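Chemist:
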């Protein structure tokens, strides 16, 4: 009798395991459709699973994600609310909070989204994407200071998160251009291809030449505001004296000595000028950019990576000569990326 009961139990467990494997397979099929952009098709797959197992966490989560992309926000919110009540301690709940908050944010309910992200942070205080999403929501709500703080919090937990560097660069552009340039350098060290990379490179070009205008064949006009002459360095992330150095470096672009520079060579020269100045005046400086980014670029210079970085930064420019350099110096490129991957941001 005991043997018969044991055999029956084993059979039941095997059948249950087989059924779960089948459900997991259908979910994977849905994810494949999702990745192809067929969100409606993906939802059909998830619904197929939910018809047999209504409380299936993965099927509900994936369905909620697809609904978010389809802008069916109310349905997305309802699913994520249910998951938060049914599976409060699930390890993947951190992504549920992300989708829930994103749906509210996309509906224009910024305050509601922030409350959801904060609830998520109670359970997952080190999850960088919750901070990043808060930064996006604050930016949409035109709260620049809080957006910056949240993006900084994201980077303290995930220094190689390109989207947070990209956001900080955008937030600082026009307000503190050297700080914006530092964020762009970090971004391009991680993500050097695509539209965002092209945008960051164009931003660097503008910042490193923005205060100088060519007014004649051999004449330039240099725009210097009074803040650049302030050498006290008071206030967080004060880079006024560094901006002055970059302005004078840009004024040399038309000089006979530098007239034939390639774009990567010009960027390398200006980065050297900028970083040398930063290294000289770094003592006593305060602010996130001085503490987080400046040591990174100083180390980049001391390791002789500026040439390699400058070529990598222009990899989205469609410059055939630069592409040839990158191909010829693949070992240097790989060495640079290896250094970035291992760099200690603490």
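In my numbering, the protein residues as written are 88 to 433.
Beta carbons: idealized from backbone N, C-alpha and C, even for Gly.
If you're wondering where the values come from, they're calculated on a predicted model, not measured in any experiment.
1. Between residue 100 and the rest of its own chain, which residues show a CB-CB distance below 7 Å, the 5 nearest in sequence each way excluded?
2. Mind checking residue 240: buried by the 16 CB within 10 Å criterion, or exposed?
3. Can residue 244 and residue 274 be called in contact, C-beta distance under 9 Å?
4. Reducing DSSP to helix, strand and coil, say where residue 432 ends up.
5. Give the single residue among 157, 392, 365 and 137 whose Cα lies nearest to the Cα of residue 331.
6. Count the C-beta pairs between the stretch 344 to 354 and the stretch 222 to 242 that are closer than 8 Å, then say yes if the count reaches three, no if not.
7. The alpha helix (DSSP H) that contains residue 199, what's its start and end?
8. If contact is defined by three or more beta carbon pairs under 8 Å, each pair taking one atom from either stretch, is the stretch 360 to 379 in contact with the stretch 401 to 421?
9. Taking the C-alpha atoms as reference points, what is the distance between residue 122 and residue 155?
10. Once the 5 residues before and after residue 137 are set aside, which same chain residues still bring their CB inside 8 Å of it?
11. Rounding to the nearest angstrom, what Cα-Cα distance links residue 431 and residue 264 in this structure?
12. Give the DSSP-derived three-state secondary structure of residue 214 in the structure shown.
13. Report, in whole angstroms, the separation of the C-beta atoms of residue 423 and residue 399, which I expect to be a contact under 8 Å.
14. Short check: CB of residue 131 to CB of residue 110, under 9 Å?
15. So, with DSSP's three-state summary, where would you put residue 370?
16. Report buried or exposed for residue 335, applying the criterion of at least 16 other Cβ atoms within 10 angstroms of its Cβ.
17. Return the CA-CA distance between residue 328 and residue 202, expressed in angstroms with no decimal places.
18. Between which two residues does the alpha helix (DSSP H) holding residue 260 run?
19. Here's the rule: buried if 16 or more other CB atoms are within 10 angstroms of the residue's CB, otherwise exposed. What is residue 178?
Modeler: Quick look at the numbers:
1. One-based indexing of the chain shown puts residue 100 at position 13. Low local confidence applies: a pLDDT of 48 at residue 100 is under 50, so the model's placement there is unreliable, with the coordinate-based value given in what follows. Within the same chain, residue 100 has no close Cβ partners at all.
2. Along the chain shown, one-based indexing puts residue 240 at 153. Residue 240 should be labelled buried.
3. On the chain shown, position 157 is the one that residue 244 refers to. On the chain shown, position 187 is the one that residue 274 refers to. Result no, Cβ atoms of residue 244 and residue 274 do not sit closer than 9 Å.
4. Here the question's residue 432 lines up with position 345 in the chain shown. If DSSP states are grouped into helix, strand and coil, residue 432 belongs with coil.
5. Numbered from 1 along the chain shown, position 244 holds the residue referred to as residue 331. Ranking 157, 392, 365 and 137 by Cα distance to residue 331 puts 365 first.
6. no
7. Locating residue 199 in the chain shown gives position 112, where the first residue counts as 1. Taken as a continuous stretch (DSSP letters only), the alpha helix (DSSP H) holding residue 199 covers 197 to 210.
8. no
9. Residue 122 sits at position 35 when you count from the first residue of the chain shown. Residue 155 sits at position 68 when you count from the first residue of the chain shown. Whole-angstrom Cα-Cα distance: 14 Å.
10. As a working note, residue 137 is residue 50 in the chain shown. So the qualifying residues of the chain are 143, 146, 147 and 150.
11. One-based indexing of the chain shown puts residue 431 at position 344. One-based indexing of the chain shown puts residue 264 at position 177. Straight-line Cα distance between these residues: approximately 25 Å.
12. Walking along the chain shown from the start, residue 214 turns up at place 127. Three-state result, residue 214: coil.
13. On the chain shown, residue 423 is found 336 positions in, with the first residue counted as 1. On the chain shown, residue 399 is found 312 positions in, with the first residue counted as 1. That belief holds up - the Cβ atoms of residue 423 and residue 399 are roughly 7 Å apart, short of 8 Å.
14. If you number the chain shown from 1, residue 131 lands on position 44. If you number the chain shown from 1, residue 110 lands on position 23. No.
15. Translated into positions along the chain shown, residue 370 becomes position 283. If DSSP states are grouped into helix, strand and coil, residue 370 belongs with coil.
16. The residue given as residue 335 occupies position 248 in the chain shown. That one is exposed.
17. Your numbering for residue 328 matches position 241 in the chain shown. Your numbering for residue 202 matches position 115 in the chain shown. Roughly 40 Å between the two C-alpha positions.
18. By 1-based counting over the chain shown, the position of residue 260 is 173. Note, residue 260: premise wrong, no alpha helix (DSSP H); not H, not E.
19. Taking the first residue of the chain shown as position 1, residue 178 is located at position 91. By the neighbour-count rule (16 or more Cβ atoms within 10 Å), residue 178 is not buried but exposed.
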